[in-house]
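S.K.: A single structure is presented below for examination.
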Amino acid sequence: MESTTVQITESKLNQGKNNGKPKIAYFSMEIGIDERIPTYSGGLGVLAGDTLKSCADLNVPIVGVTLLSENGYFYQKIDDEGNQIELPFNFNINDFLTLLPGKTSVVIEDRTVNIRIWHYLYKGVNGYIIPVFFLDTNVEQNTPTDREITKYLYGGDNKYRLSQEIVLGIGGVRALQSLGYKTIDKYHMNEGHAATLTLELFRQIKDLDKIRSQCVFTTHTPVAAGHDQFDLAFAKPMLGDMLPEEIIHQVTFENRLNMTRLALHFSHYVNGVAKKHREVSQAMFPEYSIDAITNGVHTPTWVSDPFQRIFDRHMPGWRSDPYTLRSAFSIDKHEIWDAHMDAKKKLIDFVNSRYNVGMNYDYFTIGFARRQTAYKRPDLLIADPGRLKEISAKVGPLQIIYAGKAHPKDTSGKEAIKKIFSFKKTIGGKINMTYIHNYDISIAKLMVAGVDLWLNTPRRPKEASGTSGMKAAHNGVPQFSTLDGWWIEGCVENITGWSIGSSDVEEKTSDDEIDKNHLYDKLENWIMPKFYDDRDNWIRTMRSCIAINASFFNTNRMIQQYVLNAYFM
Ligand SMILES: *Cc1c(COP(=O)(O)O)cnc(C)c1O
């Protein structure tokens with residue numbers, strides 16, 4: 068990986084490259100730009116990090132703004148019964164971030180909350196540098212409670228959440244101004260968490276059209292209940308003068324301040340993160356025009372070392388131009404397989420040394436890792452242990468590797484982890500299974516490259532996009548998934564992977580029973596026989612994942628669409 072922390076100011080370093088003057092500010096509650104900095108929880112933050120990395124690779128003049136989250140999301144331990152234990156994540160901020168001299172503040176409930184600013188510099192493949200600013204309220208002058216506003220990502224109650232959003236949005240705009248950024252002309256809100264930035268722009272500019280011309284909003288939530296909203300009676304005293312009467316009625320819905328509506332109201336460009344997600348979002352907010360830009364992943368981050376080596380040999384230039392991966396079709400099948408086995412051995416060695424599970428290099432291995440929550444159905448694969456045992460006995464041995472955190476308040480997500488643990492015990496050595504603790508970017512890198520099949524089972528239309536299957540595709544690992552999010556665009560049956568359940572993408576529900584049986588049928592009759600008995604064709608599928616999907620579902624392609632449609636229009 069090319070990422071480096073540099074101590075020189077980016078404006079000096081970027082001289083002569085696009086004048087080095089940042090024009091876009093990208094706001095996100097979480098940013099996973101470096102696997103050692105735990106200020107992200109999952110897909111949203113990793114996407115934000117990958118986006119900024121591709122901007123650096125393409126010399127797009129952008130800056131990132133986020134919260135420090137000094138104890139991260141949480142460090143996950145799991146006991147033998149499958150109970151998740153959440154510990155504060157200890158990371159040494161000074162090792163990775165530099166404290167800047169500037170300071171700013173916001174007002175929350177009439178109290179001044181001081182904010183200090185850290186930065187991290189990310190250097191792209193051509194040397195272009197992008198700063199990411201981390202806002203931090205752990206300042207001596209603040210009350211003990213206010214000092215904790217930026218302690219935990221997504222921690223606490225509504226009050227904590229709104230305080231964080233005030234710091235991110237309002238504090239973020241002021242932080243950039245205090246640092247002397249005078250050339251920002253687009254504010255990109257990655258999800259509604261940053262929507263309070265529009266209130267600060269309104270306070271300063273007052274002109275709705277002018278503000279709209281500066282704001283871009285990407286929504287990520289296909290479910291109405293998932294959008295951040297606060298009772299007006301609660302939000303008003305928190306925000307005070309920042310929420311003037313003249314805009315309240317435009318951004319409240321059923322007496323609640325709705326962050327998605329706030330962002331929609333002030334943005335000239337709004338998009339969903341896959342074509343299907345655009346449709347679902349458009350139906351939810353018919354009075355706004357919503358576009359689609361399908362997500363991607365940062366290619367050099369997610370290609371494992373063995374595949375980096377063969378890509379370097381066959382497709383030089385793939386790092387700065389991932390379209391180049393189209394020609395993966397011409398790579399020799401043995402080379403693909405050898406690279407895959409290298410990545411697989413690395414993963415199997417890791418789980419064996421850490422969990423003493425005796426997994427086998429040659430057994431068919433399924434991976435499932437992401438936020439553990441009910442709609443993603445982490446237990447669909449293990450819903451019928453008898454059937455799974457039968458399939459394994461009939462077609463060939465099966466290994467399963469799980470990982471993922473459940474949000475501390477998501478009881479059904481935690482139940483799913485327990486269910487997986489109890490299944491692990493009852494399956495009695497017939498199917499080898501393990502659950503890797505504390506899923507993060509580095510575990511994700513091992514898993515998406517090291518398993519043979521990437522499983523994804525969301526109930527549609529709840530998965531806005533999903534990105535982990537794109538990471539797998541970058542390593543020639545096919546996905547097996549319900550047709551939701553990006554997979555509607557990426558699935559070419561039996562060529563880039565397989566679909567689960569109905570292929571009618573207009574169907575708005577997923578039937579667990581139907582999907583489960585379909586999953587088992589395909590595993591038994593198509594997928595595992597191809598792996599065990601038709602290896603040559605299996606490797607063809609692996610190659611197609613790279614040539615067809617990795618070449619398109621990357622953040623370089625994605626950010627070029629943002630530049631053309633959202634930033635410079
Ligand atoms: C990519 C990634 C995710 C997102 O996974 P989905 O399957 O798209 O939900 C979550 N967590 C980590 C650490 C990731 O790297």
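Count along the sequence shown from 1, then add 67; that gives the number in this note's numbering. Heads up, the beta-carbon is just placed ideally off N, CA and C, and yes, glycines get one too.
Going by CA-CA distance only, name the one from G191, K411 and D147 that's closest to G434.
M.R.: Against the sequence shown, residue 434 aligns to sequence position 367. Per the Cα distances, K411.
S.K.: For G564, report the span of its beta strand (DSSP E) as first-last.
M.R.: By one-based count along the sequence shown, residue 564 stands at place 497. G564 to I567 is the span of the beta strand (DSSP E), which, as asked, contains G564.
S.K.: Taking DSSP as the reference, what is the three-state secondary structure of A617?
M.R.: Taking the sequence shown and counting its residues from 1, one reaches residue 617 at position 550. Helix at A617.
S.K.: Report the residue from L513, R437, I487 and G259 whose alpha carbon sits nearest the alpha carbon of L448.
M.R.: Here residue 448 refers to the residue found at position 381 of the sequence shown. With distances taken between Cα atoms, L448 lies closest to I487.
S.K.: May I ask you to verify whether the region 113–124 touches the region 179–186, counting CB pairs closer than 8 Å and requiring at least 3?
M.R.: no
S.K.: Could you name the residues that DSSP lists as bridge partners for G339?
M.R.: The residue labelled residue 339 in the question sits at position 272 within the sequence shown. A359.
S.K.: Just verifying my parser: in three-state terms, what is the DSSP assignment at Q628?
M.R.: Against the sequence shown, residue 628 aligns to sequence position 561. Residue state, collapsed to three classes: helix.
S.K.: Here's the rule I'm using: 16 or more other beta-carbon atoms within 10 Å means buried, otherwise exposed. How should G471 be labelled?
M.R.: Taking the sequence shown and counting its residues from 1, one reaches residue 471 at position 404. By the 10 Å Cβ count, G471 comes out buried.
S.K.: Which residues in the same chain have their Cβ closer than 8 Å to the Cβ of P389, if we skip the five residues on either side of it in sequence?
M.R.: For the purposes of this step, residue 389 is taken as the residue at position 322 of the sequence shown. For P389, where only same-chain residues beyond five positions count, the Cβ hits under 8 Å are T366, A617, S618, N621, N623 and R624.
S.K.: What residue range does the alpha helix (DSSP H) around S371 cover?
M.R.: Your numbering for residue 371 matches position 304 in the sequence shown. Counting along the chain, S371 sits inside no alpha helix (DSSP H), nor does DSSP assign it H or E at all.
S.K.: How big is the Cα-Cα spacing for A539 and S611?
M.R.: Within the sequence shown, residue 539 is the residue found at index 472, counting from 1. Within the sequence shown, residue 611 is the residue found at index 544, counting from 1. So the alpha carbons of these two residues sit roughly 12 Å apart.
S.K.: So C122 is in the alpha helix (DSSP H); what residue range does that whole segment cover?
M.R.: Numbered from its first residue, the sequence shown carries residue 122 at position 55. Unbroken alpha helix (DSSP H) run through C122: G110 to D124.
S.K.: Using CA atoms only, rank isn't needed, just tell me which of G247, N209 and D124 is closest to V192.
M.R.: Translated into the one-based positions of the sequence shown, residue 192 becomes position 125. If we check each option's Cα against that of V192, D124 comes out closest.
S.K.: If you compare alpha carbons, which of E591, D358, K88 and N499 is closest to Y430?
M.R.: Locating residue 430 in the sequence shown gives position 363, counting from the first residue. Comparing Cα-Cα distances from Y430 to each of E591, D358, K88 and N499, the minimum goes to N499.
S.K.: Would you say the beta carbon of Y506 is closer than 8 Å to some non-hydrogen atom of ligand 1?
M.R.: In the sequence shown, the residue the question calls residue 506 occupies position 439. Yes, the Cβ of Y506 comes within 8 Å of a heavy atom of ligand 1.
S.K.: What separation, rounded to the nearest whole angstrom, lies between the Cα atoms of R376 and H541?
M.R.: The residue you call residue 376 lines up with position 309 of the sequence shown. The residue you call residue 541 lines up with position 474 of the sequence shown. Distance between the alpha carbons of R376 and H541: 13 Å.
S.K.: Taking contact to mean at least 3 C-beta pairs separated by less than 8 Å, is the region 522–532 in contact with the region 438–447?
M.R.: The region 522–532, when compared against the region 438–447, does touch it at the 8 Å Cβ threshold.
S.K.: In three-state terms, what does DSSP make of W593?
M.R.: Residue mapping note: residue 593 aligns to position 526 of the sequence shown, counting from 1. Of the three classes helix, strand and coil, the one that applies to W593 here is helix, per DSSP.
S.K.: With 16 as the cutoff for other CB atoms within 10 Å, does A350 come out buried or exposed?
M.R.: Position 283 of the sequence shown, counted from the first residue, corresponds to residue 350. Under this definition A350 is an exposed residue.
S.K.: So, with DSSP's three-state summary, where would you put L167?
M.R.: For the purposes of this step, residue 167 is taken as residue 100 along the sequence shown, with counting starting at 1. L167: strand per DSSP, three-state reduction.
S.K.: Per DSSP, G434 is paired with what?
M.R.: Within the sequence shown, the letter at position 367 stands for residue 434. DSSP links G434 through a beta bridge to I468 and W521.
S.K.: Taking Cβ positions, are C122 and I175 nearer each other than 9 Å?
M.R.: One-based indexing of the sequence shown puts residue 122 at position 55. One-based indexing of the sequence shown puts residue 175 at position 108. No, the pair does not count as a contact, with Cβ atoms beyond the cut-off.
S.K.: Rounded to whole angstroms, what's the CA-CA distance from M68 to K190? Just pull it up for me.
M.R.: What you label residue 68 is simply residue 1 of the sequence shown in a count that begins at 1. What you label residue 190 is simply residue 123 of the sequence shown in a count that begins at 1. With a pLDDT of 35 at M68, under the threshold of 50, the modelled position of this residue cannot be trusted; read the value that follows with caution. Their Cα atoms are separated by approximately 11 Å.
S.K.: Just to confirm the assignment: which complete alpha helix (DSSP H) runs, minimum length 4, are found wholly within the region 185–241?
M.R.: 211–214 and 225–233
S.K.: Leaving out five residues on either side along the sequence, give the residues of the same chain with a beta carbon under 8 Å from the beta carbon of K492.
M.R.: As a working note, residue 492 is residue 425 in the sequence shown. Here the set comprises nothing.
S.K.: Between which two residues does the beta strand (DSSP E) containing F284 stretch?
M.R.: Here residue 284 refers to the residue found at position 217 when the sequence shown is read from its first residue. Its beta strand (DSSP E) spans residues C282 to T285.
S.K.: May I have the straight-line CA-CA distance separating S136 from G463, to the nearest angstrom?
M.R.: Taking the sequence shown and counting its residues from 1, the one referred to as residue 136 is at position 69. Taking the sequence shown and counting its residues from 1, the one referred to as residue 463 is at position 396. Those two C-alpha atoms are separated by around 45 Å.
S.K.: Taking 8 Å as the line, does the beta carbon of I510 fall inside it for any heavy atom of ligand 1?
M.R.: By one-based count along the sequence shown, residue 510 stands at place 443. Within the cutoff, so yes.
S.K.: Could you check what DSSP says for H13 in three-state terms: helix, strand or coil?
M.R.: Any answer about residue 13 is impossible in this case: the structure gives the chain only from 68 up to 636.
S.K.: Give the secondary structure of R548 by DSSP, where H, G and I count as helix, E and B as strand, and everything else as coil.
M.R.: By one-based count along the sequence shown, residue 548 stands at place 481. Inspection of the sequence shows that residue 548 is occupied by Ser rather than by Arg. In the structure shown, the three-state DSSP call for S548 is strand.
S.K.: Kindly provide the ranges of any alpha helix (DSSP H) runs that are 4 or more residues long and lie completely inside the region 253–313, ordered along the chain.
M.R.: When DSSP assignments are scanned along the region 253–313, the uninterrupted stretches of alpha helix (DSSP H) that are 4 or more residues long and fall wholly within it turn out to be 264–272, 275–281 and 299–306.
S.K.: Report whether the distance from the Cβ of G110 to the nearest heavy atom of ligand 1 is below 8 Å.
M.R.: Stepping through the sequence shown from its first residue, residue 110 is reached at position 43. It does: the Cβ of G110 is within 8 Å (strictly closer) of some heavy atom of ligand 1.
S.K.: Pick helix, strand or coil for Y140, following the three-state DSSP scheme.
M.R.: Locating residue 140 in the sequence shown gives position 73, counting from the first residue. In this structure, Y140 counts as coil in the three-state DSSP scheme.
S.K.: Considering only heavy atoms of ligand 1, does any lie closer than 8 Å to the CB of E530?
M.R.: Residue numbering aside, residue 530 sits at position 463 when the sequence shown is read from its first letter. Flag set: Cβ of E530 near ligand 1.
S.K.: With a Cβ-Cβ cutoff of 9 Å, do L134 and L202 count as a contact?
M.R.: Counted from its first residue, the sequence shown places residue 134 at position 67. Counted from its first residue, the sequence shown places residue 202 at position 135. Against a cut-off of 9 Å, the Cβ pair of L202 and L134 comes out as a contact.
S.K.: Who are the Cβ neighbours of T72 in its own chain at under 7 Å, not counting the five residues just before and after it?
M.R.: Locating residue 72 in the sequence shown gives position 5, where the first residue counts as 1. Legend: pLDDT at T72 = 39, less than 50; position of this residue unreliable, value from coordinates given subsequently. Result list for T72: F163, Y187 and L188, in chain order.
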